[in-house]
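Quick notes on the structure that follows.
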Amino acid sequence: MGIHLRYGDPSARGQENAISAWYSGPALARQIAATNGLFLVAEADDACLAFAQFVRRPGDSAELARIYVLPMHHGRTIGTQLLEEGLVWLRRAGISRLTVEVEEENPIGRRFYERKGFVEVGRSTQHVFDHDLSSISYERAVVNPLLDRTWGVRA
């Protein structure tokens, strides 16, 4: 989901509760074990630097359910590499569309998706853990020859 907390903001407590639930050890263990998608981990020296989860949806679409790169590793193309690896897997699985939701107040995440060929397709607000979470829905084709180094890779 790529949510970044605004510390010091009273509404951040609701975000902290949501993130604690979504990214708890048991929650991540269930997602890693799930058979309806792909969970990638970027690591170095036995330490997790980043992860991404792609989940198949009905039809020919999938969702980038979560992608996270430790802030100290931003700008090192780790997120891009995770996305590209996921796109290769999705294409081989016959998926043609990838969706993602990002918090409206997450300019880093929004910029990342827009630079990777995602286009805005909607906005919504959900009440989550006593916090109104405004998000933007993005979508892109799995194969985008103008942006992907994965173009031309054979399944």
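Going by this note's numbering, the letters in the sequence shown line up with residues 465 to 619, in that order.
Glycine residues also receive a C-beta, built at the ideal position from the N, C-alpha and C atoms.
- Nearest to V585 by C-alpha distance, out of R604, I572 and P571, is R604.
- A514 is classed as buried because its beta carbon has at least 16 other beta carbons within 10 Å across all chains shown.
- A contact between stretches requires three or more CB pairs, one per stretch, nearer than 8 Å, and the stretch 516–527 fails this requirement with the stretch 571–581.
- Exclusion of the five residues before and after W553 leaves L502 and F518 as the residues of its chain whose Cβ lies within less than 8 Å of its Cβ.
- In this structure, the CA atom of E507 is about 26 Å from the CA atom of G581.
- S599 counts as buried, since at least 16 other C-beta atoms from the protein chains shown sit within 10 angstroms of its C-beta.
- Counting the other CB atoms within 10 Å of its CB gives V564 a total of 16 or more, which places it among the buried residues.
- Counting along the chain, no alpha helix (DSSP H) covers E568, and no H or E run does either.
- For L534, same chain residues with a beta-carbon under 7 Å away, outside a window of 5 residues either side, are L513 and A514 in chain order.
- Remark: C-beta atoms of I531 and L546 approach each other more closely than 8 Å.
- For G543, the enclosing alpha helix (DSSP H) stretches over residues I542 to R556.
- Around the beta carbon of G543, a 10 Å sphere encloses 16 or more other beta carbons of the protein chains shown; the residue is thus reported as buried.
- The shortest CA-to-CA distance from V592 to any of Y602, E567 and V583 is the one to E567.
- For H591, the three-state secondary structure derived from DSSP is strand.
- When the alpha-carbon of R521 is set against those of H538, A557 and H537, the nearest one is in A557.
- C-alpha of R587 to C-alpha of N570: approximately 14 Å in a straight line.
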